[in-house]
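Okay, structure coming up:
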């Protein structure tokens, strides 16, 4: 038993000595701990001093004063009550004091009488209001004007009816939609760098983190662009020979993936050295770079820590899966990642990131047999977690169900020690096989429902070499190619990014249905801190603010037609554009510069307490 537990029990020590609770450990601790013994002695001294204080006695006339005050209040109540309530009898204990009150003020006739019948109410006579209405006199000119106005109203109504009847059956005139004024504040950031081919990027209000490679498709770098100075700073001591993909960032951590190029792995017998099998594998590692400023931390920007590493074996996973990372979500010091191991098992891992110690990992779920976990998301405090389970059905269509895990505090016991005990409940949230991309924004869960939309048709081909292609069926026109979160041929995301459907909304607190922001068909929803962003076939974006519960006006040409990637992270949305290939712009392509475009929502940073 420690000192904290002992001092918590000392308050009830006298009751504990009744024999029902064992206090041997408490007494042993008191005999050996001088501080707790002094605390116990001081507590007893305070109790003794309180018991020695004299008892508080009421004045002799306290009862009389109280009754007189009640009599005054009751008399005022009777005076203000209507006559219908006068039948309520006077309390017997107040009758003498009411009579005494009446004798003390004999000239107040309306107050109460000295008779035993009790006080009489004040009768107020209703006053007759004088008739102040006067006859309205109008001149002949006013009368003629009113008649003319009435006649013109009738004539205009008749003409309108004739026009409507004349145009009955005629085709409607084409409606013109006027573009609304955007509330977004766009900004361009151009920086000089030797790595001009941008593969991925995530932004914050003051920094853009990106990965890029050189013109010869070799030499990869992870860099940070300062939005104030527009200077790019490498975050690695030397260039990487493997592709790098930045995935997410928070205030203290930057998460990125190192994904080696495919290599033929040959498995031989250890004794005969005969080839047993071979496969094309890609080694990978999930890295975390510390961005905080804690001087006691052993992590630095130049020394990232490896959260997980493995081998991506294309022969053990479905042909439509080309990446070991199915999805990622990051909070302040919390991280959710879905990943595939070498055997093809998909895992959902929860990481606790701490600048003072190594990250702690906990597995929340896992699936096999061609099923893949994707799109983890959570509330800001991590008590409500959602993710999707995707698989390819026999109909060659991609299907998905949504899972949830809720963490709630257990009720405190009626007896015994009180402690903070949490209960965890994992369950199937939605099993319609058509819900994708769960995204939580400010305690609201958004899903992409593709039940009534065209699901993708994946052409698998050779799993080890071919990249699956996604096409919408049975639409006769293929949808516009929309920018994804990654822009590189070295990394192929899951094909669910090409799905199109309608948004659904639910409360992340009690799972109740909520009003969806729009009913249009959208694609690739991404969640920010307080907003949800989506794309459509017109290659434009839409936004919904979960705090104001309103859509955000976005200009038609906010997202350029040659946008190469589009990434949402926190309050920031960032994208890049593909360079033009005409002869006039050839001279600008040789300059070692790259340009990012971005906006923050809300425009001004929220004030934190």
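Residue numbers (our numbering): 8 to 616.
The beta-carbon is built from N, C-alpha and C at its ideal position, and this holds for glycine as well.
Everything numeric in this text was worked out from a predicted model, so none of it was measured.
> The alpha helix (DSSP H) spanning residue 48 covers which residue range?
Replying inline: By 1-based counting over the chain shown, the position of residue 48 is 41. 41-59 is the span of the alpha helix (DSSP H), which, as asked, contains residue 48.
> Is DSSP giving residue 537 helix, strand or coil here?
Replying inline: As a working note, residue 537 is residue 530 in the chain shown. Looking at residue 537 - three-state DSSP - the assignment turns out to be coil, as it is neither helix nor strand.
> Per DSSP, residue 247 is paired with what?
Replying inline: Translated into positions along the chain shown, residue 247 becomes position 240. DSSP lists 227 as partners of residue 247.
> Skipping 5 residues on each side, what residues in its chain have a beta carbon closer than 7 Å to that of residue 212?
Replying inline: Start at 1 with the first residue of the chain shown, and residue 212 comes out as number 205. So the qualifying residues of the chain are 578, 579, 607, 612.
> Which of helix, strand or coil does DSSP assign to residue 498?
Replying inline: Here residue 498 refers to the residue found at position 491 when the chain shown is read from its first residue. Coil at residue 498, not helix or strand.
> Distance, Cα to Cα, residue 433 vs residue 414?
Replying inline: Counted from its first residue, the chain shown places residue 433 at position 426. Counted from its first residue, the chain shown places residue 414 at position 407. Distance between the alpha carbons of residue 433 and residue 414: 9 Å.
>> According to DSSP, simplified to helix, strand and coil, what is residue 204?
In response: Walking along the chain shown from the start, residue 204 turns up at place 197. The answer is strand: DSSP assigns residue 204 an E or B state.
>> Could you give the first and the last residue of the continuous alpha helix (DSSP H) run that contains residue 86?
In response: Numbered from 1 along the chain shown, position 79 holds the residue referred to as residue 86. Its alpha helix (DSSP H) spans residues 69-87.
> Mapping DSSP to helix, strand and coil, what is residue 36?
Replying inline: As a first step, residue 36 must be located in the chain shown, where it is residue number 29. Three-state DSSP puts residue 36 in a helix.
> Using CA coordinates, which residue listed in 390, 380, 389 is at the minimum distance from residue 408?
Replying inline: By 1-based counting over the chain shown, the position of residue 408 is 401. If we check each option's Cα against that of residue 408, 380 comes out closest.
> Is it true that the CB of residue 215 sits closer than 7 Å to the CB of residue 232?
Replying inline: To locate residue 232, count along the chain shown from 1; it is residue 225. To locate residue 215, count along the chain shown from 1; it is residue 208. Yes, Cβ-Cβ distance for residue 232 and residue 215 is below 7 Å.
>> Among the candidates 358, 363, 439, whose CA atom is the shortest distance from the CA of residue 397?
In response: In the chain shown, the residue the question calls residue 397 occupies position 390. Checking every option, the nearest Cα to that of residue 397 belongs to 439.
> If you draw a straight line from the alpha carbon of residue 248 to that of residue 202, how long is it in whole angstroms?
Replying inline: As a working mapping, residue 248 is identified with position 241 in the chain shown. As a working mapping, residue 202 is identified with position 195 in the chain shown. Near 13 Å, if we compare the C-alpha coordinates of residue 202 and residue 248.
> For residue 492, is the classification buried or exposed, using 16 other Cβ atoms within 10 angstroms of its Cβ as the cut-off for buried?
Replying inline: Here residue 492 refers to the residue found at position 485 of the chain shown. Flag for residue 492 reads buried.
> What first and last residue would you give for the beta strand (DSSP E) that runs through residue 557?
Replying inline: Position 550 of the chain shown holds residue 557. Its beta strand (DSSP E) spans residues 557-559.
>> With three or more beta-carbon pairs closer than 8 Å as the criterion, would you say the segment 353-368 touches the segment 337-344?
In response: yes
>> Can you tell me whether residue 412 is helix, strand or coil according to DSSP?
In response: Translated into positions along the chain shown, residue 412 becomes position 405. Correct three-state label for residue 412: strand.
> When you compare only the Cα positions, how much space is there between residue 204 and residue 222?
Replying inline: In the chain shown, the residue the question calls residue 204 occupies position 197. In the chain shown, the residue the question calls residue 222 occupies position 215. About 7 Å.
> In this structure, does DSSP put residue 16 in helix, strand or coil?
Replying inline: As a working note, residue 16 is residue 9 in the chain shown. The answer is helix: DSSP assigns residue 16 an H, G or I state.
>> Between which residues of its own chain and residue 241 is the CB-CB distance below 6 Å, once the five residues before and five after are set aside?
In response: Position 234 of the chain shown, counted from the start, is the residue given in the question as residue 241. These residues qualify, in order along the chain: 228, 230.
> In three-state DSSP terms, what is residue 6?
Replying inline: With the chain covering 8 to 616 only, the question about residue 6 has no answer from this structure.
> Per DSSP, what kind of secondary structure is residue 64 in: helix, strand or coil?
Replying inline: To locate residue 64, count along the chain shown from 1; it is residue 57. In the structure shown, residue 64 sits in coil (DSSP, three-state: anything other than H, G, I, E or B).
>> Once DSSP output is grouped into helix, strand and coil, what is the label at residue 605?
In response: Counted from its first residue, the chain shown places residue 605 at position 598. Strand.
> How many Å lie between residue 601 and residue 362 at the Cα?
Replying inline: The residue labelled residue 601 in the question sits at position 594 within the chain shown. The residue labelled residue 362 in the question sits at position 355 within the chain shown. Their Cα atoms are separated by approximately 33 Å.
> Can you name the residues that DSSP bridges to residue 270?
Replying inline: Here residue 270 is taken as the residue at index 263 of the chain shown, counted from 1. BP columns for residue 270 point to 288.
> Is residue 293 closer than 7 Å to residue 366 when the C-beta atoms are compared?
Replying inline: Within the chain shown, residue 366 is the residue found at index 359, counting from 1. Within the chain shown, residue 293 is the residue found at index 286, counting from 1. Cβ distance not < 7 Å, so residue 366 and residue 293 don't count as in contact.
> Taking residue 668 as the reference, which of 219, 435, 105, 319 has the closest Cα?
Replying inline: This structure cannot settle anything about residue 668, because the visible part of the chain is limited to 8 through 616.
> Just curious, the beta strand (DSSP E) that residue 527 is in, first and last residue?
Replying inline: Here residue 527 refers to the residue found at position 520 of the chain shown. It is not in any beta strand (DSSP E) - residue 527 carries neither H nor E in the DSSP assignment.
> The beta strand (DSSP E) with residue 373 in it runs from where to where?
Replying inline: If you number the chain shown from 1, residue 373 lands on position 366. 364-374 is the span of the beta strand (DSSP E), which, as asked, contains residue 373.
> Is residue 383 near residue 327, with beta carbons less than 7 Å apart?
Replying inline: Walking along the chain shown from the start, residue 383 turns up at place 376. Walking along the chain shown from the start, residue 327 turns up at place 320. Contact flag unset, no.
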